[in-house]
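Peer 1: One structure follows; several queries about it will come next.
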Amino acid sequence: MSAFVTGGSRGIGLALVQAMLKGKTFSRVVAAARTDSEALQAQRLVGSCSVWLLACSFNVAQVARQALHLLRQTWQALKFQHGDRLVTVKMDLTDEVSIQEAVKSTEDFCQGSLQLLVHNAGLMHPSGRGENSVTRLDMESFSKVLATNVIGPALLTKALYPRLRAAAQEEPSKVVAVGAGVASISTNQAGGWYSYRASKTALNAFMKNLSIEGGRHKVSAFTLYPQMVETALSKPYVKGNPYPELRSPEETADQMLELITSFGISDTGRFVNIWSREDIPW
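Residue numbers (the numbering used here): 62 to 343.
Pasting the structure below:
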């Protein structure tokens, strides 16, 4: 089986790639990550204690370079260990040309088919703070969140859909989105996070629509909610975690992969909490 994982440079995405390579189910894994901006990558990649300590004594550019170096080391180690089972690719979800180039560059590796696409990459807000008031909305930030969280994944699905359909001739292929609890409209009691909520709700709508079309082509589409995970992305928001514990990327990836492999075409269109395995209200 072949898999394509976005946001594969850190957190859940990297843990998913590692989990896939540990097993024998996936013979080919594509790990895609945005690496065009060192400063942005530093913000997203800095998750280990060693890099945070570096931040105390070096400037941002130096931390960015070190973070990228750690990423390259991690990917190089995975490539060394797993040989030709892993391909890493640069892809910016806010740039359609970048998406098309990433898809084209992996065509031979995927051998024309794809059993699994995981939409893991995401952006809460460019500033690191969600909008707690409608008066804080601005076009640039809102557009970037939408582009990263829903438009980019939609266009990537479009580009990879022929491969997903080709793979489905043998057994159903799957498109999986990493969702958010705040995407649920009916359970929203707190408000805030305007752009992030809107983008994740829109992603749910896209995935539901895809599940209907995909049902005609044996392509399953569902959204998995991992709750709050201990990653660089979630560090600023840990105090607001409504759950009793903060899961690691590794245990989260293992749980997600278990559901991904066990879910079939009958699970298409679902929005599921990976721990309770219960459906989340739209």
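Built from N, CA and C at the ideal position, the CB exists for glycine as well.
Remember, it's a predicted structure, so these values are computed and weren't measured experimentally.
Suppose you measure from the CA of LYS83 to the CA of ARG331; what does that come to, to the nearest Å?
Peer 2: 27 Å
Peer 1: Check whether the Cβ atoms of ASN181 and THR322 lie closer than 8 Å to each other.
Peer 2: no
Peer 1: My output table needs one value for LYS85: the three-state DSSP class, helix, strand or coil.
Peer 2: coil
Peer 1: Using 8 Å as the threshold, is the C-beta distance between TYR286 and GLU192 below it?
Peer 2: no
Peer 1: Whose CA, out of ALA251, ALA266, VAL239, SER281, lies closest to the CA of ASN334?
Peer 2: VAL239
Peer 1: Using the three-state DSSP reduction, which class does SER260 fall into: helix, strand or coil?
Peer 2: helix
Peer 1: Between ILE326, GLN316, SER188, which lies nearest to LEU271 when the distance is taken from Cα to Cα?
Peer 2: ILE326
Peer 1: Pull up the distance between the alpha-carbon of VAL290 and that of ALA314, whole angstroms please.
Peer 2: 10 Å
Peer 1: Can you tell me whether ARG197 is helix, strand or coil according to DSSP?
Peer 2: Helix, per DSSP.
Peer 1: So PHE170 is in the beta strand (DSSP E); what residue range does that whole segment cover?
Peer 2: Taken as a continuous stretch (DSSP letters only), PHE170 belongs to no beta strand (DSSP E), being part of the alpha helix (DSSP H) at 168-171.
Peer 1: Could you check which residue in ARG146, GLY189, GLN288 has the C-alpha nearest to that of ARG36?
Peer 2: No information on residue 36 is available, as it lies outside the stretch 62 to 343 that the chain covers here.
Peer 1: Hey, would you say GLN176 sits closer than 8 Å to ALA228, going by beta carbons?
Peer 2: Taking 8 Å as the cut-off, the Cβ atoms of GLN176 and ALA228 count as close.
Peer 1: Have a look at GLU311 and LEU178 and give me their C-alpha separation to the nearest angstrom.
Peer 2: 19 Å
Peer 1: Does the region 257-266 come into contact with the region 230-245, if we say contact requires no fewer than three beta-carbon pairs (one atom in each stretch) closer than 8 Å?
Peer 2: yes
Peer 1: Which residues bound the beta strand (DSSP E) around THR149?
Peer 2: Taken as a continuous stretch (DSSP letters only), the beta strand (DSSP E) holding THR149 covers 147-151.
Peer 1: Name the residue from THR196, GLN316, ARG308, LEU225 whose alpha carbon lies nearest to the alpha carbon of ARG277.
Peer 2: LEU225
Peer 1: Report the three-state DSSP secondary structure of ASN249 (helix, strand or coil).
Peer 2: Coil at ASN249, not helix or strand.
Peer 1: I'd like the list of long-range same chain contacts for ARG95, defined as Cβ closer than 6 Å, with 5 residues on each side in sequence excluded.
Peer 2: ASP153
Peer 1: By a C-beta neighbour count over all protein chains shown, 10 Å radius and 16 as the cutoff for buried, is ALA266 buried or exposed?
Peer 2: exposed
Peer 1: May I ask you to list the residues that DSSP assigns as paired with LYS33?
Peer 2: Any question about residue 33 goes unanswered here, given that the chain covers just 62 to 343.
Peer 1: With 16 other CB atoms within 10 Å as the buried threshold, where does LYS235 fall?
Peer 2: buried
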